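Worksheet for the structure shown next.
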Amino acid sequence: MTTDLETENTALLQFLYACPAGLVEFSAAGAIGMVNPAAMGLLMPIAGKPFVINLFDVMDTCAPELRNLVQQFAPPQGTVCDGHRIVTGRGERSTILACSIVKLTQDRYVATLADVTEQVARERRLKQAETWFASLLDGVDDVAVLSLDANGCIDAVTPSTTRQTGFTEAELLGKPFEWFDRSDRASAMPPTGEAIAVAQRDGWYLHEGWHALANGGRYWCQRLVAVREESAGAAARYTLVIRAVTRQGRDTADLRRMLTRDHLTGASNRAHFFETAERQRVRALQDRGSLALVVLDVDHFKRVNDEHGHAAGDVVLREVAQRCESELRPEDIFARLGGEEFVVLLPGISLMEASAVAERLRASLVREPIDAGGIQLCITASFGCSALDTDPTASLAGLLAAADGALYKAKRAGRDRVAVSNADQAAA
């Protein structure tokens, strides 16, 4: 006869395994004690194998900050993180997970995992709407209204447009409205045609970023593209409303850094990299321009952690990011993909030029040892390069795969060197 305790345990296990949310019980070192099927279904694609043993090892490829969050949480129990967003996969295959971790005892933690990809997309749209309506009340300098034809080209302007931008009506008529775009590293504009496509689907599209002035300068504004009601059978037409707004200063900058920067190194995070890289790739294809990627991996990094501890490893990763970013242009993106792997996005750069950039980064790492708490560590890295001039039709995933292939070629050749991809490697 089963006891009441056995019955309760059986009921608890049934609940855990039937629960639609992913549940993981693990130790302070990340060793998994219990994982339910929902969590296993989310972790297996990240791990790339049919079993998972250590949560931190699995998440190192997409959320290396989890290890730091747990290790830096001092209270004996409590919430380590709540709804922490994790971007898994690459490019169009990316999935967004929400992770919450609770510390139960000194060496026992429970994590919940949930796929919130669709929810994040909805939140982004709602946030855009909130920002737009908030601008009606705070910081609006001027409003410009333009009419767009079915292809998104300007076919009529109001006097407010000339006052705001300095451009004459003759200069604007017939131009695609994206002609205003003046992007930078922090505010990459969407690819041409995306706004019209979204407006056709949802009825409107909102974006915030830099726009051009006739005098060669630029100004910060919000841009709303809305579908106009037309007679039955007529092609859709659009109204473009541009609001010049005063940026929120330090608060906005701090929020942008939180959303786009890696928790440990300060480099761009995976989500910001993939969003920006795809936009730059589409733009390069449309303009028949060039675009290159450089993937780098710190050599023998596991040995640093094993021999000197994770604190020393963290110092190394931060110094690698700092040295590399100091060698790049403002328009380049340096991002941490996970663990000791980083990637550089180089707009307007060919494969051979990317190789030269990678060599400059490699030299910056070996120039002098890294001081990790009094320990002098000689650090090297291996580099792999790919570019659209090798395969102009390559997808972002294809470019990354080609750069990864070149990276492993560099490692097999002895590490601390740069290798480039070939046409076959760059195929999508």
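The sequence shown begins at 733 in this note's numbering and counts up by one. Cβ coordinates follow ideal geometry from the N, Cα and C atoms, glycine included. Computed from a predicted model, the values in this text were never measured in an experiment.
May I have the straight-line CA-CA distance separating N800 from L1093, to the nearest angstrom?
Rounded to the nearest angstrom, the two C-alpha atoms are 26 Å apart.
Please classify E1073: is it buried, with 16 or more other beta-carbons within 10 angstroms of its beta-carbon, or exposed?
Label assigned to E1073: buried.
With a Cβ-Cβ cutoff of 8 Å, do L1131 and S1114 count as a contact?
The answer is no: Cβ separation not under 8 Å.
Taking 6 Å as the limit between beta carbons, can you name the residues of its chain near L868, skipping five residues before and five after?
Only weak support exists for where L868 lies, its pLDDT of 46 falling under 50; the value from the coordinates is given anyway. Around L868: no qualifying Cβ.
Alpha helix (DSSP H) containing K835: first to last residue?
Segment T827 to T837 is the beta strand (DSSP E) holding K835; no alpha helix (DSSP H) there.
In three-state DSSP terms, what is F899?
Note: F899 maps to coil in three-state DSSP.
According to DSSP, what are the bridge partners of L972?
L878 and V957.
Let me confirm a value: H943 is counted as buried when at least 16 other C-beta atoms fall within 10 Å, else exposed. Which label applies?
The residue is buried, with at least 16 neighbouring Cβ atoms inside 10 Å.
Tell me Q1108's beta-bridge partners as DSSP assigns them.
DSSP lists D1103 as partners of Q1108.
Put H1004 into one of helix, strand or coil per three-state DSSP.
Of the three classes helix, strand and coil, the one that applies to H1004 here is helix, per DSSP.
What residues match up with D1031 in a beta bridge as DSSP calls it?
DSSP output for D1031 lists no bridge partner at all.
What is the DSSP secondary structure of E1063, counted as helix, strand or coil?
E1063 falls in the coil class under three-state DSSP.
I'd like to know whether the C-beta atoms of A1009 and L1078 end up nearer to each other than 8 Å.
Not a contact, by the Cβ cut-off of 8 Å.
Should L836 be labelled buried (16 or more other beta-carbon atoms within 10 Å of its own) or exposed?
It counts as exposed.
Among S826, L972 and A958, which one has its Cα closest to the Cα of T893?
Cα-wise, what sits closest to T893 is L972.
Quick one: what does DSSP say A763 is sitting in, helix, strand or coil?
In the structure shown, A763 sits in a strand (DSSP, three-state: E or B).
Check whether the Cβ atoms of F1006 and S826 sit closer than 8 Å, and answer yes or no.
Yes, the pair counts as a contact, with Cβ atoms nearer than the cut-off.
Which stretch, first to last residue, makes up the alpha helix (DSSP H) that contains C1056?
From DSSP, the alpha helix (DSSP H) with C1056 extends over H1042 to S1058.
Just the C-alpha distance for A1151 and D1136, rounded to the nearest angstrom, thanks.
Cα-Cα distance, rounded: 10 Å.
So which of L1120, Q1054, A1104 and A1142 has the shortest CA-CA distance to E1091?
For the residues L1120, Q1054, A1104 and A1142, the minimum Cα distance to E1091 belongs to A1142.
Would a C-beta distance cut-off of 8 Å place V875 and R1002 closer than the cut-off?
The answer is no: Cβ separation not under 8 Å.
Note the first and the last residue of the continuous alpha helix (DSSP H) segment covering S1082.
No alpha helix (DSSP H) holds S1082; DSSP gives it neither H nor E.
Let me check one thing: in DSSP terms, what residues is N786 bridge-paired to?
Answer is A763, bridged to N786.
Would you call the CB atoms of D847 and S832 closer than 8 Å?
No, these two residues do not count as a Cβ contact at 8 Å.
Checking 8 Å against the spacing of the C-beta atoms, do V767 and I778 come in under that value?
Their beta carbons are not under 8 Å apart, which means V767 does not touch I778 by this criterion.
Look at the Cβ atom of A843, then the Cβ atom of F788, and state whether they are nearer than 8 Å.
Contact flag unset, no.
Do F909 and L938 have their C-beta atoms closer together than 8 Å?
No; because the gap between Cβ atoms is not below 8 Å, this pair is not in contact.
Between which two residues does the beta strand (DSSP E) carrying G1137 extend?
No beta strand (DSSP E) holds G1137; the alpha helix (DSSP H) holding it covers L1128 to R1144.
Excluding five sequence neighbours on each side, which residues of the same chain lie with their C-beta closer than 8 Å to the C-beta of S1096?
The residues are R1055, C1056, S1058 and E1059.
Near V930, what residues of its chain come up, given a Cβ to Cβ distance below 6 Å and the 5 sequence neighbours on each side ignored?
So the qualifying residues of the chain are Y937.
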